[in-house]
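Novice:
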Amino acid sequence: MPSTPSPTPDAAASDGPGGPSVLHRVVALLVGVGLLVAAFVVGTIASLVVILPLFFLGFGVTSTAVLVFGSIPQQLTFAGIGGLYARLRLDSLPIRRPDGAELRFAVGATVLAVVLASALSYALTLTSLEPVESVIGEVAQNDPTVLLALAVLSIVLVAPAEELLFRGAIQGRLRTSYGPVAAVVLASLIFASPHVFNYIGNPVAVVATTGVIFVTGSILGVAYERTGNLAVPILIHAAYNTTLFGIAYVQLVAL
Numbered sequence: 005m006p007s008t009p010s011p012t013p014d015a016a017a018s019d020g021p022g023g024p025s026v027l028h029r030v031v032a033l034l035v036g037v038g039l040l041v042a043a044f045v046v047g048t049i050a051s052l053v054v055i056l057p058l059f060f061l062g063f064g065v066t067s068t069a070v071l072v073f074g075s076i077p078q079q080l081t082f083a084g085i086g087g088l089y090a091r092l093r094l095d096s097l098p099i100r101r102p103d104g105a106e107l108r109f110a111v112g113a114t115v116l117a118v119v120l121a122s123a124l125s126y127a128l129t130l131t132s133l134e135p136v137e138s139v140i141g142e143v144a145q146n147d148p149t150v151l152l153a154l155a156v157l158s159i160v161l162v163a164p165a166e167e168l169l170f171r172g173a174i175q176g177r178l179r180t181s182y183g184p185v186a187a188v189v190l191a192s193l194i195f196a197s198p199h200v201f202n203y204i205g206n207p208v209a210v211v212a213t214t215g216v217i218f219v220t221g222s223i224l225g226v227a228y229e230r231t232g233n234l235a236v237p238i239l240i241h242a243a244y245n246t247t248l249f250g251i252a253y254v255q256l257v258a259l
């Protein structure tokens with residue numbers, strides 16, 4: 005049976021005969037959003053500490069060094085805040101070596117995520133919406149190897165850090181008040197929201213493109229609820245990012 009984090013003490017205290025109160029649900033949502041805001045603000049400040057010296061050394065805003073090294077403090081902050089909250093406020097954070105069934109689930113979920121993301125992205129090109137520009141894509145046009153660097157970074161840092169924050173801490177907190185289904189939806193919305201800053205273009209097109217991230221986040225959230233093992237969405241996230249970066253790299257170098 006899946007092992008999921010137990011309700012926090014304040015969650016248990018506010019539960020009545022009909023389940024968590026409206027106030028408790030509002031508080032849970034505010035905590036989820038607050039965790040993102042805190043991680044984003046602190047991470048941005050930490051990234052600036054790294055990026056500003058690079059500017060003085062002559063690296064441009066769209067350089068590989070700025071993108072890669074600037075993202076590391078942000079991700080470390082995600083991991084730090086997510087891990088700290090989970091340790092202090094959640095009774096448990098289930099993470100263990102995946103068994104055979106969980107590995108098969110991860111493979112299937114990764115394939116599903118890549119196929120859905122590709123299909124939805126293609127569908128957007130068939131609409132009247134003006135295509136958006138990706139910050140990563142702009143850097144990759146000048147230096148395709150940045151995609152390989154980001155693929156490695158996704159495996160060793162991005163996937164563990166983001167899953168610890170968004171699935172482990174935020175979804176874990178929301179589950180205590182909303183149950184697993186609503187927790188997955190809300191956590192996926194929170195997960196997708198900061199990705200808006202990765203795109204440049206018409207606001208409607210940017211939001212539509214970010215919707216693809218929401219779908220991916222939902223798959224990751226379901227994987228966590230289904231297996232009760234944070235290692236599974238971490239594996240899916242890492243494999244998903246690596247696959248997309250790999251495809252993009254091959255397309256660029258083949259031009």
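Just so you know, we're using the numbering used here here: the sequence shown kicks off at 5 and counts up by one.
Cβ atoms here follow ideal geometry from the backbone N, Cα and C, with glycine treated the same way.
#1: Please classify residue 134: does DSSP put it in a helix, a strand, or coil?
#2: Below 8 Å between beta carbons: does that hold for residue 117 and residue 244?
#3: Looking only at C-alpha atoms, which of 77, 81 and 131 sits nearest to residue 213?
#4: If you reduce the DSSP assignment to three classes, tell me which class residue 98 lands in.
#5: Count the other CB atoms, across all protein chains shown, that sit within 10 Å of the CB of residue 16; report buried if there are 16 or more and exposed otherwise.
#6: Need the endpoints of the alpha helix (DSSP H) that residue 4 sits in, please.
#7: Following the continuous alpha helix (DSSP H) through residue 142, name the residue where it begins and the one where it ends.
#8: Does the distance from the CB of residue 196 to the CB of residue 217 come in under 8 Å?
#9: Below 8 Å on the Cβ atoms is my guess for residue 71 versus residue 140; work out the distance and round it to an integer in Å.
#10: If you run the structure through DSSP and keep just helix, strand and coil, what is residue 16?
#11: Counting only runs of 4+ residues fully inside the region 38-104, write out the alpha helix (DSSP H) ranges in chain order.
#12: Between which two residues does the alpha helix (DSSP H) holding residue 245 run?
#13: Over the uninterrupted alpha helix (DSSP H) stretch that includes residue 170, give me the two end residues.
#14: Sorted by chain position, which residues of the same chain lie with C-beta nearer than 6 Å to residue 239's C-beta, five sequence neighbours on each side aside?
#15: Quick one: Cα of residue 95 to Cα of residue 164, how far?
#16: Taking buried to mean at least 16 other C-beta atoms within 10 Å of its own C-beta, is residue 126 buried or exposed?
#17: Does the region 141-153 come close enough to the region 165-183 that 3 or more CB-CB pairs lie under 8 Å?
#18: I need the boundaries of the alpha helix (DSSP H) containing residue 232, first residue and last residue.
#19: With distances taken from CA atoms, which of 155, 124 and 206 is nearest residue 250?
#20: Tell me the rounded alpha-carbon separation between residue 34 and residue 194.
#21: Taking the straight line between their C-alpha atoms, what separation do you get for residue 247 and residue 253?
#22: Whose C-beta lies closer than 7 Å to the C-beta of residue 2 among residues of the same chain, with five residues either side of it excluded?
#23: Within this structure, are the beta carbons of residue 169 and residue 43 separated by less than 8 Å?
#24: Does DSSP put residue 10 in a helix, a strand or coil?
#25: When we look at the beta-carbon of residue 257 and count the other beta-carbons within 10 Å, is it buried (16 or more) or exposed?
Specialist: With the given structure in hand:
#1: Sequence index remark: in the sequence shown, residue 134 carries index 130 (1-based). Secondary structure at residue 134: coil, using DSSP grouped into helix, strand and coil.
#2: Locating residue 117 in the sequence shown gives position 113, counting from the first residue. Locating residue 244 in the sequence shown gives position 240, counting from the first residue. Yes; because the gap between Cβ atoms is below 8 Å, this pair is in contact.
#3: Your numbering for residue 213 matches position 209 in the sequence shown. Ranking the options by Cα distance to residue 213, first place goes to 131.
#4: The count along the sequence shown starts at 1 and reaches residue 98 at position 94. Reduced to three states, the DSSP call for residue 98 is coil.
#5: Reading the sequence shown from its first residue, position 12 is the one you call residue 16. Only weak support exists for where residue 16 lies, its pLDDT of 41 falling under 50; the coordinates are left without a value.
#6: No answer is possible for residue 4: it lies beyond the span of the chain, which begins at 5 and ends at 259.
#7: Here residue 142 corresponds to residue number 138 of the sequence shown, with the count starting at 1. Residue 142 -> alpha helix (DSSP H) spans 139-146.
#8: The sequence position of residue 196 within the sequence shown is 192, counting from 1. The sequence position of residue 217 within the sequence shown is 213, counting from 1. Yes; because the gap between Cβ atoms is below 8 Å, this pair is in contact.
#9: Here the question's residue 71 lines up with position 67 in the sequence shown. Here the question's residue 140 lines up with position 136 in the sequence shown. Contact holds; Cβ gap of about 7 Å.
#10: Sequence index remark: in the sequence shown, residue 16 carries index 12 (1-based). With a pLDDT of 41 at residue 16, under the threshold of 50, the modelled position of this residue cannot be trusted, and the question is left open.
#11: Runs of the alpha helix (DSSP H) inside the region 38-104: 68-93.
#12: Sequence index remark: in the sequence shown, residue 245 carries index 241 (1-based). In this chain, the alpha helix (DSSP H) harbouring residue 245 covers 235-257.
#13: Counting from 1 along the sequence shown, the entry for residue 170 is found at position 166. For residue 170, no alpha helix (DSSP H) segment is defined, and its DSSP state is neither H nor E.
#14: One-based indexing of the sequence shown puts residue 239 at position 235. A distance below 6 Å between beta-carbons, with the five flanking residues on each side excluded, links residue 239 to the following residues of its chain, in chain order: 110.
#15: Counted from its first residue, the sequence shown places residue 95 at position 91. Counted from its first residue, the sequence shown places residue 164 at position 160. Whole-angstrom Cα-Cα distance: 20 Å.
#16: Along the sequence shown, read from residue 1 onward, the residue named residue 126 stands at position 122. Its Cβ having fewer than 16 others within 10 Å, residue 126 is exposed.
#17: Touching, no, given that fewer than three Cβ pairs across the two stretches are closer than 8 Å.
#18: Your numbering for residue 232 matches position 228 in the sequence shown. For residue 232, there is no enclosing alpha helix (DSSP H), as DSSP marks it with neither H nor E.
#19: On the sequence shown, residue 250 is found 246 positions in, with the first residue counted as 1. Looking at the Cα atoms, 155 is the closest of the given residues.
#20: Here residue 34 refers to the residue found at position 30 of the sequence shown. Here residue 194 refers to the residue found at position 190 of the sequence shown. C-alpha of residue 34 to C-alpha of residue 194: approximately 11 Å in a straight line.
#21: Translated into the one-based positions of the sequence shown, residue 247 becomes position 243. Translated into the one-based positions of the sequence shown, residue 253 becomes position 249. Here the C-alpha atom of residue 247 lies approximately 10 Å from the C-alpha atom of residue 253.
#22: Nothing about residue 2 can be read from this structure; the chain reaches only from 5 to 259.
#23: Reading the sequence shown from its first residue, position 165 is the one you call residue 169. Reading the sequence shown from its first residue, position 39 is the one you call residue 43. Annotated as proximal: residue 169 and residue 43, with beta-carbon spacing under 8 Å.
#24: Along the sequence shown, one-based indexing puts residue 10 at 6. With a pLDDT of 45 at residue 10, under the threshold of 50, the predicted position of this residue should be treated as unreliable, and no value is reported.
#25: As a working mapping, residue 257 is identified with position 253 in the sequence shown. Counting of Cβ neighbours within 10 angstroms places residue 257 among the exposed residues, the total staying below 16.
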